[in-house]
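Peer 1: Chains as they are written, first to last, in my numbering: chain A, 47 to 181; chain B, 2 to 148. Pasting in a structure now, in structure tokens, and then I'll have a few things to ask.
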């Protein structure tokens, strides 16, 4: 009998990875808060989740076929839909769309979400450890 | 690991803001530096910020996403430009720097603008430092995994 970490940990590991990645994107937005023409970006959790679960289930990208004569295109690659541009609430003279307050609050929220994902992952490890010890 | 690149990104932000603070300091220090000719007069300096792209740095860090769509790698100062707006000529014949017509040239530094720039730069610096601190907390949390 072997323990598969992927099966034991589930999506928690990917979630943690996503939070770290999002921290990077948001940090980049904040670092470029004064760069002319910079467009703020963000990751959408549900899109990434859908993409990741599609990857793990092995179905990949599929187009909807509403007619028998449609050609299916399941080998078509997805052009990464997750990283999107933020729609700015206020215009700025230098075409920069970073709103420092929004980015900072998103970063703080992301950091808390990271801790939550981490706690979940940690509890899974703790469960594995107590199962191995058996006491 | 992408949390480590948060440090790099926030670091580039802090270094860019430091350059900006440096130019502000230089501009304010030289705000009253008079000169007898247009060519020799100090001109206000401003840094030009540009986005740094990850591909330019090379190397992909096991991203969840495709190579072409990376988060970016922070900000860089692509150069410092001199303000080409007109200098102020004042009639000060008593000044030792006055030219033969009695005029001296003052730099085109707008002190009010520079002060606003300074506050903006210092706030941005603080924000980047906070980002770094939060990333540090997140990393330290990861180190306690399994404990």
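Glycine is no exception: its CB is placed at the ideal position from the N, C-alpha and C atoms.
Considering just the uninterrupted stretch of the beta strand (DSSP E) at residue 130 of chain A, what are its terminal residues?
Peer 2: First-last of the beta strand (DSSP E) with residue 130 of chain A: 129-131.
Peer 1: If you count every other CB in all the chains shown that lies within 10 Å of the CB of residue 130 of chain A, and 16 or more means buried, which is it?
Peer 2: When all chains shown are included, residue 130 of chain A counts as exposed.
Peer 1: Going straight from the alpha carbon of residue 120 of chain B to that of residue 43 of chain B, what length do you get?
Peer 2: Straight-line Cα distance between these residues: approximately 23 Å.
Peer 1: At a Cβ threshold of 9 Å, is residue 147 of chain B touching chain A?
Peer 2: Yes, residue 147 of chain B lies at the interface with chain A (some Cβ there is under 9 Å from its Cβ).
Peer 1: Residue 161 of chain A versus chain B: which residues are under 7 Å apart at the beta carbon?
Peer 2: Near residue 161 of chain A (Cβ distances below 7 Å), the residues of chain B are 142.
Peer 1: Just checking my contact of residue 7 of chain B with residue 136 of chain B at CB under 8 Å: how many whole Å lie between their CB atoms?
Peer 2: The pair is a contact, with the Cβ atoms about 4 Å apart (cut-off 8 Å).
Peer 1: Under the rule that 16 or more other beta-carbon atoms within 10 Å means buried, what is residue 70 of chain A, buried or exposed?
Peer 2: Residue 70 of chain A is buried by the Cβ-count criterion.
Peer 1: Which of the three DSSP states is assigned to residue 36 of chain B in this structure?
Peer 2: Looking at residue 36 of chain B - three-state DSSP - the assignment turns out to be strand.
Peer 1: Answer yes or no: does any C-beta atom of chain A fall closer than 9 Å to that of residue 21 of chain B?
Peer 2: Yes, residue 21 of chain B lies at the interface with chain A (some Cβ there is under 9 Å from its Cβ).
Peer 1: Along the chain, which unbroken stretches of the beta strand (DSSP E) at least 3 residues long are found entirely within the stretch 53-113 of chain A?
Peer 2: For the stretch 53-113 of chain A, whole beta strand (DSSP E) runs of length 3 or above, ordered along the chain, are 87-89.
Peer 1: Can you give the beta carbon distance from residue 57 of chain A to residue 149 of chain A, rounded, assuming they're within the 8 Å contact cut?
Peer 2: So it is not a contact: roughly 26 Å between Cβ atoms.
Peer 1: Determine contact between the stretch 85-101 of chain A and the stretch 20-31 of chain B, defined as no fewer than three beta-carbon pairs at a distance below 8 Å.
Peer 2: The stretch 85-101 of chain A is not in contact with the stretch 20-31 of chain B.
Peer 1: On the DSSP letters alone, give me the boundaries of the alpha helix (DSSP H) that residue 128 of chain B sits inside.
Peer 2: Segment 112-144, the alpha helix (DSSP H) holding residue 128 of chain B.
Peer 1: List the endpoints of the continuous alpha helix (DSSP H) containing residue 7 of chain B.
Peer 2: Run containing residue 7 of chain B: 3-30, per the alpha helix (DSSP H) assignment.
Peer 1: Hey, how far is the Cα of residue 79 of chain A from the Cα of residue 132 of chain B?
Peer 2: Cα-Cα distance, rounded: 13 Å.
Peer 1: Cβ of residue 124 of chain B less than 9 Å from any chain A Cβ?
Peer 2: Yes, because at least one Cβ of chain A sits closer than 9 Å to the Cβ of residue 124 of chain B.
Peer 1: Determine the chain B residues that contact residue 92 of chain A at a beta-carbon separation under 7 Å, and present them in chain order.
Peer 2: Near residue 92 of chain A there are no residues of chain B at all, since even the closest Cβ is about 14 Å away, more than 7 Å.
Peer 1: Just tell me which of A/83, A/171, A/85 has its CA closest to the CA of residue 52 of chain A.
Peer 2: Nearest option by C-alpha distance: A/171.
Peer 1: Give me the residue from B/89, B/143, B/9 with the minimum Cα distance to residue 108 of chain B.
Peer 2: Residue 108 of chain B has its Cα closest to that of B/89, out of B/89, B/143, B/9.
Peer 1: Return no unless some Cβ of chain A is closer than 9 Å to the Cβ of residue 24 of chain B.
Peer 2: So no, residue 24 of chain B is outside the interface.
Peer 1: Is the distance from the Cβ of residue 60 of chain A to the Cβ of residue 142 of chain B below 9 Å?
Peer 2: Against a cut-off of 9 Å, the Cβ pair of residue 142 of chain B and residue 60 of chain A comes out as no contact.
Peer 1: Please return the same chain residues whose Cβ sits closer than 7 Å to the Cβ of residue 24 of chain B, not counting the five positions on each side in sequence.
Peer 2: Contacts found: 46, 47, 48, 81.
Peer 1: So, for residue 84 of chain B: in the same chain, excluding its five sequence neighbours on each side, which residues have a beta-carbon less than 6 Å away from its beta-carbon?
Peer 2: Within the same chain, residue 84 of chain B has close Cβ partners 44, 45, 109.
Peer 1: Leaving out five residues before and five after residue 164 of chain A in sequence, what residues of the same chain have Cβ atoms less than 8 Å from its Cβ?
Peer 2: Here the set comprises 62.
Peer 1: Just checking my contact of residue 81 of chain A with residue 52 of chain B at CB under 8 Å: how many whole Å lie between their CB atoms?
Peer 2: Contact holds; Cβ gap of about 6 Å.
Peer 1: Residues in its own chain within less than 8 Å of residue 146 of chain B by CB, not counting five upstream and five downstream?
Peer 2: Here the set comprises nothing.
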